[in-house]
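Chains as they are written, first to last, in our numbering: chain A, -17 to 350; chain B, 5 to 255. Glycine included, C-beta positions come from ideal geometry on N, C-alpha and C. See structure below.
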Ligand SMILES: Nc1ncnc2c1ncn2[C@@H]1O[C@H](COP(=O)(O)OP(=O)(O)OP(=O)(O)O)[C@@H](O)[C@H]1O
Ligand SMILES: [Mg+2]
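Listed below in structure tokens is the structure:
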């Protein structure tokens, strides 16, 4: 029975002639590639011609090797079997030698500057977009016939109603943990009744709003970006535009309106759940419900509740707006939508934190 | 004066600094079917997108019914856009809406028709493209060819005078593609709709096209305009004659 002989590719140099023989497939070429190029580099002038008569097989990788070798040594390839010669003739040295514009080298400092400028421009875009969209949303809101209420309700349900579980749970746990952690040190001073003040104030002024907003950024901001981004990739946004339908009114306004309604409601809910967590811990330490209740009502002022609410409305605008902006900014390609959702979450959270800091200063100055 | 419904005047089309076409001028007559043709990447889609006002050309103008779509704004632009319908290569149906809701959308946005009237119109438009049985399906639940036809139904929702179709038969089998040709001819004959179509399908060009606008990548503009038969038999350019024959009589 005939045994298929797999003659290994081999390489031999005699004087100015390189002899190649055997099976020059991907495996063989891989083995020979490095040795050949190291050697021929050293004795580049020495190679006058390449004798390919011994080649029994040559595939794409083998052709690449022959091509590279002849290009580097400028030597001719002789006695190549015609079927392989045909493969090699498809490539001309000229078209490969044409210089491709080298990518401009960018120094680290330049990169840093460009990154900074990009960040600044992006932040500017975000603020401008949010401003423009807020105006559109408010204007649409006051001309109810223009609002697509079906969409508003659908989005409100998804972004708001369906988030009740997670927002409530996180709020409850935050209240619980805060109360628990602060009760121990405050007990040493005998002032552990004030733990409930701390929980209530922290939740109402700060944590309820910011935590809800961050949850919504992760849950709904990303969803908005993905929905709109997918529409962009599918040319649905172009279709809207050429139908003469304003995408700000059609897509952004319902989401902003839903966000503006859902965020404060969810924040209030988170606050109450946080308080519940605090109450449970305190009651387990033996404080009566009535005492705790009095403590809270006597110390939490309407301004505390309002400051949290005002913030949560603004956060709603930020989360929904940035989600939509990132969706509209989606470029083409399969990864674009994924990038947009990531960018929506990251910029949403960054903006929330920056805005919260600004609010802290404003409320401090106003003594609110 | 001729009865031109679309006038493209000395149009330069491109993306930012990248000029794809320049000095393009031609007219489309009312109720004519014009096919834009040319090699891959020569700027057919680009030309179409500039003709429907998706991009703002750096130079030149596009008039539809004598009004510039490039310079129009607000209400005026709205009116022009309502007189044209467009289908995109991907269909671009709204994925979250059923076929019927897709067709209804332009009606909801631009008319005061009662809801049941809109439903009926949507169903009638879908029946024109043979999809009356699929009014309640989502785009993802019907085949690619059905999506293309639904997109045509949506484009016709407001009874446009012109339909722009970008590669309507790309990715369709020859039978469906031939059915689409018949649909185009029927709409053209019965309703007098003007068509501007980008397509590579030579058989369908010979079936539907009154005139062909042949673009050339080298000169970044129009190489020649004429009926498909003229271009095939009498073009001065060898490559155009070849181009027009290639798929009819494969070598
Ligand atoms: N969004 C874009 N931004 C920048 N350049 C683009 C863009 N779209 C297309 N181009 C460029 O414009 C040129 C023409 O593209 P176009 O899509 O108009 O070609 P086409 O004639 O429709 O080709 P095909 O038959 O393959 O669809 C191409 O060189 C392409 O690289
Ligand atoms: Mg195209």
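| Item | Value |
| --- | --- |
| Residue list, Cβ distance to ligand 2 heavy atoms smaller than 7 Å | B/48, B/49, B/93, B/170, B/171, B/202 |
| For residue 17 of chain B: DSSP bridge partner residues | B/25 |
| Residues of its chain near residue -10 of chain A, where Cβ-Cβ distance is below 6 Å and the 5 sequence neighbours each way are ignored | 4 |
| Burial state of residue 54 of chain B, where buried means 16 or more other Cβ atoms lie within 10 Å | buried |
| Sequence-distant residues of its chain with Cβ nearer than 7 Å to residue 222 of chain A (five each side left out) | 229, 232 |
| Contact with chain B by residue 317 of chain A, beta-carbon distance below 7 Å | no |
| Where the alpha helix (DSSP H) through residue 249 of chain B begins and ends | 242 to 250 |
| contact_flag[the stretch 162 to 170 of chain B, the stretch 74 to 88 of chain B] where n(CB pairs < 8 Å) is 3 or more | yes |
| For residue 92 of chain B, the residue or residues it bridges with in DSSP | DSSP output for residue 92 of chain B lists no bridge partner at all. |
| Against chain B: residues of the stretch 215 to 246 of chain A by CB proximity under 7 Å | 216, 217, 218, 220, 221, 223, 224, 225, 226, 227 |
| Contact residues within the stretch 78 to 92 of chain B, judged by C-beta distance below 9 Å to chain A | 81, 82, 83, 84, 85, 86, 88, 89, 90, 91, 92 |
| Cβ neighbours of residue 149 of chain B in the same chain (closer than 7 Å, five flanking residues each side left out) | 176, 180 |
| Chain A within 7 Å of residue 94 of chain B, Cβ atoms only | yes |
| Residue 208 of chain B versus residue 235 of chain A - alpha carbon distance | 43 Å |
| First through last residue of the beta strand (DSSP E) which encompasses residue 353 of chain A | Residue 353 of chain A is absent from the structure shown; chain A starts at -17 and stops at 350. |
| Beta-carbon spacing of residue 95 of chain B, residue 151 of chain B below 7 Å | yes |
| Inside the stretch 64 to 141 of chain B only - beta strand (DSSP E) runs reaching at least 3 residues | 88 to 91 |
| Closer than 7 Å at the beta carbon, the chain A residues around residue 98 of chain B | 218 |
| Within chain A, partners of residue 56 of chain B - CB distance below 8 Å | 224 |
| Any C-beta of chain B under 7 Å from that of residue -15 of chain A | Residue confidence is low: residue -15 of chain A scores 46 on pLDDT, short of 50, so the model does not pin down where it sits. Its coordinate-derived value is still stated next. Not one chain B Cβ lies under 7 Å of residue -15 of chain A. |
| One or two residues paired with residue 199 of chain B in a DSSP bridge | B/37, B/167 |
| Chain B within 7 Å of residue 135 of chain A, Cβ atoms only | no |
| Below-7 Å beta-carbon distance, residue 110 of chain B vs any chain A residue | yes |
| Near-chain A residues of the stretch 110 to 124 of chain B - C-beta to any C-beta below 7 Å | 110, 113 |
| Element boundaries [beta strand (DSSP E), containing residue 306 of chain A] | From DSSP, residue 306 of chain A is part of no beta strand (DSSP E) but of the alpha helix (DSSP H) over 284 to 310. |
| Given 8 Å, three or more beta-carbon pairs between the stretch 33 to 40 of chain B and the stretch 212 to 231 of chain B | yes |
| Helix, strand or coil at residue 218 of chain B according to DSSP, with G and I counted as helix | strand |
| Sequence-distant residues of the same chain with beta carbon closer than 6 Å to residue 62 of chain A, five excluded per side | 34 |
| Cβ pair count under 8 Å reaching 3, the stretch 80 to 99 of chain A against the stretch 286 to 296 of chain A | no |
| N- and C-terminal bounds of the beta strand (DSSP E) containing residue 39 of chain A | 31 to 40 |
| Per DSSP, cross-strand counterpart(s) of residue -6 of chain A | A/1 |
| Beta carbon proximity, residue 296 of chain A to chain C, threshold 7 Å | Structure shown: chain C not included; protein chains present are A and B. |
| Own chain partners of residue 116 of chain A with C-beta closer than 8 Å, once the 5 adjacent residues on each side are dropped | 238, 299, 303 |
| The alpha helix (DSSP H) enclosing residue 137 of chain A, as first and last residue numbers | 131 to 141 |
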